[in-house]
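Down below is the structure, laid out as structure tokens.
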Amino acid sequence: MRMLTITANCIALAAIVAGGSAQAGDRVRPDARTSWGKAGVSLEQYWIDSSTCGHEAAATDLSDSKPAKALIYASRILDNTNDAVAIGSVQQLVSPEIQWNRAATLLKDALEMCLADRGYRQFRLTREQARHLNMFDKGSIERRKYLHSLASDPMVLEDQAYG
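The sequence shown lines up with residues -24 to -1, 1 to 139 when you count with mature numbering (1 follows the signal peptide of the UniProt record, and there is no 0).
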């Protein structure tokens, strides 16, 4: 229960500092034109690997990370004050948005390591491929199938290797 409280406080802290902006949680995100692929991977295996790696990354324990420690520290200070000046000082001292971005980067790194360990590599979509991909609703089967058609194509992976 204590960890849940700390997590809730950290989320509340980030919302306060970010001014409740909708963009606050959307600052660290993948490049819309990069993806991961593996030559010849079946659609089923592609979905299994992406789901597995996504779940593994989401389950990464950040409790001992520097960003988590900084947010917990700030949370403890804020639990004991309603003073606007003190809250502003905590914001400057801890920089919660930066800490959230650092935590998100740790999760992104875990995801990428999982994919690389399974033989996937990054590639960059052409403008035309990205435009075609964006015609499909996010999360739709059509979008996933189109992305898989690129991600499993050895020529795409060779010609558009990234990173």
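Glycine residues also receive a C-beta, built at the ideal position from the N, C-alpha and C atoms. All of these numbers come straight from a predicted model, not from anything done at the bench.
By Cβ distance below 7 Å, which residues in the same chain neighbour residue i in space, the five residues on each side in sequence not counted?
i	result
V66	A50, I53, L54
Which residue from the options puts its Cα closest to that of residue i?
i	options	result
A106	S125, T57, N56, L91	S125
P130	T57, G95, K84	G95
E118	T57, G64, L19	L19
K84	A127, Y122, L38, P72	L38
S41	Q136, L82, S26	L82
Q98	Q68, M111, D59, Y138	Y138
Round the Cβ separation of residue i and residue j to the nearest angstrom and send it over; I've been treating them as touching at under 8 Å.
i	j	result
A86	E134	Not a contact, Cβ separation roughly 27 Å.
G16	S128	6 Å
L109	Y122	6 Å
Does residue i pass the burial test, meaning 16 or more other C-beta atoms within 10 Å, or should it be called exposed?
i	result
P43	buried
Q75	buried
W12	buried
D2	With a pLDDT of only 47 at D2, under the threshold of 50, the placement of this residue in the model should not be trusted; the figure read from the coordinates follows. By the 10 Å Cβ count, D2 comes out exposed.
I'd like the span of the alpha helix (DSSP H) that includes residue i, first residue to last.
i	result
S65	60 to 70
Q105	103 to 109
Could you please give the first and the last residue of the uninterrupted beta strand (DSSP E) stretch that includes residue i?
i	result
R9	Note, R9: premise wrong, no beta strand (DSSP E); not H, not E.
R94	Here R94 belongs to no beta strand (DSSP E), and DSSP marks it neither H nor E.
Flag residue i as yes when its Cβ comes closer than 7 Å to any non-hydrogen atom of the ligand FMN, and as no otherwise.
i	result
D37	The ligand FMN is not part of the structure shown, which contains no ligands of any sort.
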